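J.:
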Amino acid sequence: DAASSATLHDSLDDCKFCPAGRSFVSNTSECAICPAGQYQASGATLHATCGDCPAGYYLEDFAKEASKHDEHDDCEPCLDGTRSDEGERFCEQCPAGYRTVQGNTSQEIPTTCEMCNNGTFQSNSGKPTCEACPAGQFSKDGGEPQMYCIKCDSGRFASGKGANQCDKCQPGLWSLGANSSCEQCPK
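The opening residue of the sequence shown carries number 24 in our numbering; numbering runs sequentially from there.
#1: For F180, I'd like the list of residues in its chain whose CB is within less than 8 Å of its CB, leaving aside the five on either flank, ordered along the chain.
#2: With a threshold of 6 Å on Cβ separation, who are the neighbours of F113 within its own chain once the five nearest residues in sequence on each side are excluded?
#3: Within 10 Å of its beta-carbon, does G211 have 16 or more other beta-carbons around it, so buried, or fewer, so exposed?
#4: Have a look at the DSSP bridge pairing and note the partners of F180.
#5: Sort S182, C136 and G110 by Cα distance to A155 and report the nearest one.
#6: Please classify K150: is it buried, with 16 or more other beta-carbons within 10 angstroms of its beta-carbon, or exposed?
#7: Among the residues of its own chain, which have a CB less than 7 Å from the CB of T143, if the five just before and after it don't count?
#8: Ignore the nearest five residues each way along the sequence and tell me which others in S177's own chain have a CB closer than 7 Å to its CB.
#9: Would you list the one or two residues that DSSP bridges to T135?
#10: Classify K150 as helix, strand or coil using the three-state DSSP reduction.
#11: Helix, strand or coil: how does DSSP classify Q207 here?
#12: So, under 8 Å CB-CB, P118 and S148 are touching, yes? Tell me the CB distance rounded to an integer number of Å.
#13: Tell whether a beta-carbon distance below 8 Å holds between C73 and H92.
#14: Which of the three DSSP states, helix, strand or coil, is assigned to A89?
#15: Cβ of Q188 versus every heavy atom of the ligand ATP: is any distance shorter than 7 Å?
#16: Under the three-state reduction of DSSP, which class applies to D75: helix, strand or coil?
#17: What do you reckon, are the CB atoms on S67 and S46 nearer than 8 Å?
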């Protein structure tokens, strides 16, 4: 109103309250629908601002429908194998060699991707867990994502699943490699 009339500024009723799903822009313009990744649940807040969906959640609508931004429950949880930061429009897949883990939230929502541990691998992106290496194979953390397991060399073995190294065969025993045990040398 460009302060043209004193009667427009003489009571609390003249103050601008934005409805839920919208945020305050200025005294002279309409409240704007919250952007993607944000919501605003209160319809009784002066100069309302939109807040971010928490990490592990997303809100896809790109400021088209206020009703999709008017409560916390409009933020959708990321699916297993995906993650998001606060205020995101989409969740992203964890890359191969990683799994999703719960971050610093009180809920069981995956919020971060973590490299597979020693003895495990994940060859596909977007998976929530890592798989144990089969017997006769291993993986170890070398600062690289574990996308596959390595077969044990000749003369070595890994007896069980989830090995992070291959052991040497004892004297008098042998292995061609990728085995779960060593065999007695022929006499």
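Glycine included, C-beta positions come from ideal geometry on N, C-alpha and C.
Predicted model only: the values in this text are computed from it and were never measured.
T.: Taking the coordinates as given:
#1: G159, C189, D190, C192, S198, N202, S203, S204 and C205
#2: Y81
#3: With the chain covering only 24 through 210, there is no way to say anything about residue 211.
#4: D190 and N202
#5: S182
#6: buried
#7: C153, E154, A155, C156, S162, Q169 and G185
#8: S198, L199 and G200
#9: V124
#10: coil
#11: strand
#12: 5 Å
#13: yes
#14: helix
#15: With respect to the ligand ATP, the structure offers nothing, as it holds no ligand at all.
#16: strand
#17: The residue you asked about is not Ser; residue 67 is Ala in the sequence shown. No. Outside cutoff.
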